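*Asks:*
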Amino acid sequence: MEEIIPVGREHVSPQTPLTEVISTSETTSGVDELCAGDFYNLRGVDDDTKASKKRQLRMREERIQNRRLKKQRKRREAQETVERALKLREELRQNRLDFEASVKGREDEFYYTPRWRRAVPVDKVKKPLPDFEWIPYDSMDEFGRVSELKHTSWRVEELTLQLAKSIVGLESYSGNKHLFSCSGTIVEYLMGTGYVVTSASLVKWPHQDKQADQLKIDVHLPSGEVLKGSVSNVDFSYNICVVEVPSTLQLPTKRFSADTRIFNFYERHPKDVVAVGRLCKPWSLNAALGKLVPKRSQFDCEELLVSSCRISKRGVGGPLMDFDGNIIGMNFYDKKETPFLPGFIVLKCLQHFNDFKKVIRPLHGLRVRTLHEDEQLTALEKIHHGFPEVRGVIVEKVEVPSAEHSEIKVGDIITHVNDVPFSSAAELGGILLDTCAQHMLQRQKLDPTKGGNQMETVISLKFDVKTVRGRRSEATTRTIDVSRFNPTGGFNRWPLGRLYFIRRVENGTLFTEKHRG
């Protein structure tokens, strides 16, 4: 009897191994396998319909195969991209390590940050730079953008834009030489003159506590209008300056907050803040979000606090605003953080400028820091064992003129001055400024001819001191008679980094050259 084999099927004998059946079926067309058996056994279907169905199945199989190949290609390309990036990063890392290990790398000073390109000091440039360099932190693009405010409520954005009306961009020149560019806040407008508070870095020579000669200041309003300014008052210890700006139009103003409670880290968690600044061009507001950080600044000034806002040098002198719309400080620049002078210290300096034309600060010979800024937990544990819940400052250094005569030593804790308690170095600085102001005003009333002369002035400061000596703890009162005020210079350092020479090189071709710093 003759055996009938359906079209498109393989004949399988009982003796044929299963592996041979599988291998034989893999060699046949995928479309024929799917459709031949059941499809062509249908009765009453004409040849044209059968051909159409076969074409549809073949097209469907081709689409599935194309999608599968496309996914495989994308995965392969993504894997190759990742491998190239990892290889390039490892090469750059190895190049950097090799350079730093070399003699030249040990001799030269470079600021390295993995995210930016290397910046080479001007005095170190002796030959063309390689095809790579690191862009320094003070790039204008690194200052926070207004878009950061989208991470907050609309109310905070509205308060920032209201404050922006009082923020100006500032540029200073000595003759035709550019000195510095920064931001400032208009705090008062009186009788056709506006008064802008900013950093004293605007008006001094780099790395010198000396006002520049032939000084010219351009004040850039938000609209782009440029006014001429002049120095009204300056103090290099607190690095604060007031610029007079004559204007026929009313200038919007915003005052600093005198509230000290926001800086009480004993009762409040770190608070959200916004650092605001302006470039010297129209509608160039910049804002950076951050938090108050309960730590000490790297600068010498004891009254400085720190925020995590990320700004550039163009933001120096700009205001620091809390989420209630209050100006709580004036910003400075550091590579890793943003130090700021608290608003209540700024207000006291402005009051001294108004009363005495300068800031009068007593030189009591002590360098202190806030007690809980000590990073050594063992030291804090030892202190709190002798004096639970103590608040105040700890003496870091005794300077000349010496306070040793008053028996105040390094490591002593000061909690009160003239019976007024305080919890931080910033609060202590504010109390000392008020004490000096009250004393000088009383002297002026008793003898107006002496005015603000401090040569014959002596102020007695009574400190409540807690001492820990080994296992012995004691609380005493020490008095220092202060007869010296206002250091002539160099009391506090305000570094702004070095001058840098930036080149953009692509494929061995020099495109741009810029000075930064």
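Residue numbers for the sequence shown follow my numbering, beginning at 3 and rising by one. We put the beta carbon where it would ideally sit given N, CA and C, even for glycine. Since we're looking at a predicted model, the values are computed, not measured.
(1) Measure the Cβ-Cβ separation of residue 416 and residue 394 and say whether it is below 8 Å.
(2) DSSP has residue 369 in a bridge; who is on the other side?
(3) DSSP on residue 521, reduced to helix/strand/coil?
(4) Under three-state DSSP, which class holds residue 411?
(5) Between the C-alpha atoms of residue 536 and residue 188, what's the straight-line distance to the nearest angstrom?
(6) Residue 288 bridges to which residues according to DSSP?
(7) Using only the alpha-carbon positions, how far apart do residue 467 and residue 423 sit?
(8) Beta carbon of residue 2, beta carbon of residue 420: below 8 Å?
(9) Can you give the Cα-Cα distance for residue 450 and residue 193, rounded to whole angstroms?
(10) Are there 16 or more other CB atoms within 10 angstroms of the CB of residue 290, so buried, or fewer, so exposed?
(11) From 287, 295, 282, pick the residue whose C-alpha is nearest to that of residue 273; which is it?
(12) Across which residues does DSSP place residue 159 in a beta bridge pair?
(13) By how many angstroms is the C-alpha of residue 65 removed from the C-alpha of residue 83?
(14) Just curious, the alpha helix (DSSP H) that residue 387 is in, first and last residue?
(15) Count the other CB atoms, across all protein chains shown, that sit within 10 Å of the CB of residue 200; report buried if there are 16 or more and exposed otherwise.
(16) With DSSP run on the structure shown, which of helix, strand or coil describes residue 184?
(17) Of the choices 398, 401, 374, whose alpha-carbon is the least far from that of residue 391?
(18) Find the nearest neighbour of residue 231 within the set 249, 386, 78, judged by alpha-carbon distance.
(19) Would a C-beta distance cut-off of 8 Å place residue 426 and residue 372 closer than the cut-off?
(20) Starting from residue 438, trace the alpha helix (DSSP H) both ways and give me its first and last residue.
(21) Would you check if there are 3 or more beta carbon pairs closer than 8 Å linking the stretch 479-490 to the stretch 350-364?
(22) Start and end of the beta strand (DSSP E) containing residue 479?
(23) Does residue 437 pass the burial test, meaning 16 or more other C-beta atoms within 10 Å, or should it be called exposed?
(24) Look at residue 347 and residue 398 and say whether their C-beta atoms are less than 8 Å apart.
(25) If you reduce the DSSP assignment to three classes, tell me which class residue 311 lands in.
(26) Check the C-beta distance from residue 275 over to residue 309 and give it rounded, since I have them as a contact under 8 Å.
(27) Grouping DSSP H, G and I as helix and E and B as strand, with all else coil, what is residue 333?
(28) Is the beta carbon of residue 240 closer than 8 Å to that of residue 349?
(29) Which residue comes first and which comes last in the beta strand (DSSP E) that contains residue 195?
(30) Does the distance from the C-beta atom of residue 299 to that of residue 341 stay below 8 Å?
(31) Does the contact criterion of 3 or more C-beta pairs under 8 Å hold for the stretch 252-259 versus the stretch 209-219?
(32) State buried or exposed for residue 61, treating a residue as buried only when at least 16 other CB atoms are found within 10 Å of its CB.
(33) Please report the distance separating the alpha-carbon of residue 351 from that of residue 479.
(34) Which whole-angstrom value is the C-beta distance of residue 205 and residue 236, which I expect to be below 8 Å?
(35) With a 10 Å radius around its C-beta and 16 neighbouring C-beta atoms as the bar for buried, classify residue 174 as buried or exposed.
(36) Can you have a look at residue 178 and say buried or exposed, based on whether 16 or more other CB atoms are within 10 angstroms of its CB?
*Replies:* With the structure as the only source:
(1) Contact flag set, yes.
(2) 399
(3) Lying before the first or after the last residue shown, residue 521 is absent from the chain, which here runs from 3 to 519.
(4) Residue 411: coil per DSSP, three-state reduction.
(5) Any answer about residue 536 is impossible in this case: the structure gives the chain only from 3 up to 519.
(6) 279
(7) Each residue's CA atom was taken as its position, placing residue 467 and residue 423 some 12 Å apart.
(8) Past the boundaries of the shown model lies residue 2; the chain is included only from 3 to 519, so the question cannot be answered.
(9) Rounded to whole angstroms, residue 450 to residue 193 spans 27 Å at the Cα level.
(10) buried
(11) 295
(12) None; residue 159 has no bridge partner.
(13) 27 Å
(14) 379-388
(15) buried
(16) strand
(17) 374
(18) 249
(19) yes
(20) 427-448
(21) Contact holds: three or more Cβ-Cβ distances are below 8 Å.
(22) 474-484
(23) When all chains shown are included, residue 437 counts as buried.
(24) Result no, Cβ atoms of residue 347 and residue 398 do not sit closer than 8 Å.
(25) coil
(26) The pair is a contact, with the Cβ atoms about 5 Å apart (cut-off 8 Å).
(27) strand
(28) no
(29) 195-201
(30) yes
(31) no
(32) It is exposed - the Cβ of residue 61 has fewer than 16 other Cβ atoms within 10 Å.
(33) 29 Å
(34) 6 Å
(35) buried
(36) exposed
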